[in-house]
Amino acid sequence: MRAIALFAGVLMATPSMAAEQLVFYTANFPDATSVQLSVTNNSVSLLGDYDFDVAIGLVETDANGVIRYEDTGRHHARVRCNYPAYVSVGTRKYPIGMPLSRPVHDDWKENLWIVLCAAPSS
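Under this note's numbering, the sequence shown has 27 at position 27, and the numbering climbs by one with no breaks.
The following block contains the structure:
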């Protein structure tokens with residue numbers, strides 16, 4: 001499945017999705033299949049180098065929006081908001097280049113960082 005190939009070697013486990021979860025990234029494929037990543041859970045990290053611990057969900061849909069695949073486990077990631085900013089998955093740290101002034105972000109790690117760290121606060 002395309003959804004499995006998208007995360008091969010990057011995320012080790014998978015979360016279940018709920019309709020109210022925050023979608024932060026969508027990959028669209030030529031056959032109109034799409035894979036959406038969403039934050040299914042987040043909390044303040046207990047590790048000093050990170051701001052957030054998150055669980056990420058994955059859903060693959062067909063051209064009609066019908067779910068073809070939904071994860072049933074958990075993908076875990078950690079996010080550091082301040083410089084040096086990064087998203088960490090397993091033992092890998094993915095740096096987030098600053099500033100993020102581009103209008104389009106096509107990297108799921110950048111999008112996750114933006115959702116958690118660059119969201120306006122009220």
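C-beta atoms are modelled at their ideal positions from N, C-alpha and C, and glycine is treated no differently.
- For the beta strand (DSSP E) assignment, the uninterrupted runs of no fewer than 3 residues enclosed by the segment 29-92 are, from N- to C-terminal side, 34-44, 52-61, 67-70, 75-80 and 86-89.
- Among the bridge pairs identified by DSSP, P95 is matched with Y86.
- For G90, the closest alpha carbon among the candidates C81, A118 and A77 is that of A77.
- A straight line joining the alpha-carbon of F29 with that of N82 spans about 33 Å.
- Contact annotation, Y86 with P99: C-beta distance approximately 15 Å; criterion of less than 8 Å not satisfied.
- Rounded to the nearest angstrom, the gap between the Cα atoms of D51 and E70 is 27 Å.
- According to DSSP, L22 shares a beta bridge with V39.
- Rounded to the nearest angstrom, the Cβ distance from V79 to L47 is 11 Å, too far for a contact under 8 Å.
- Inclusion of A55 and R74 in the CB contact set at 7 Å is warranted, their separation being smaller than that value.
- Beta-bridge analysis with DSSP links A118 to no other residue.
- When the beta-carbon positions are compared, Q21 and S45 stay at least 7 Å from each other.
- Between Q36 and P84, the alpha-carbon positions lie close to 27 Å from each other.
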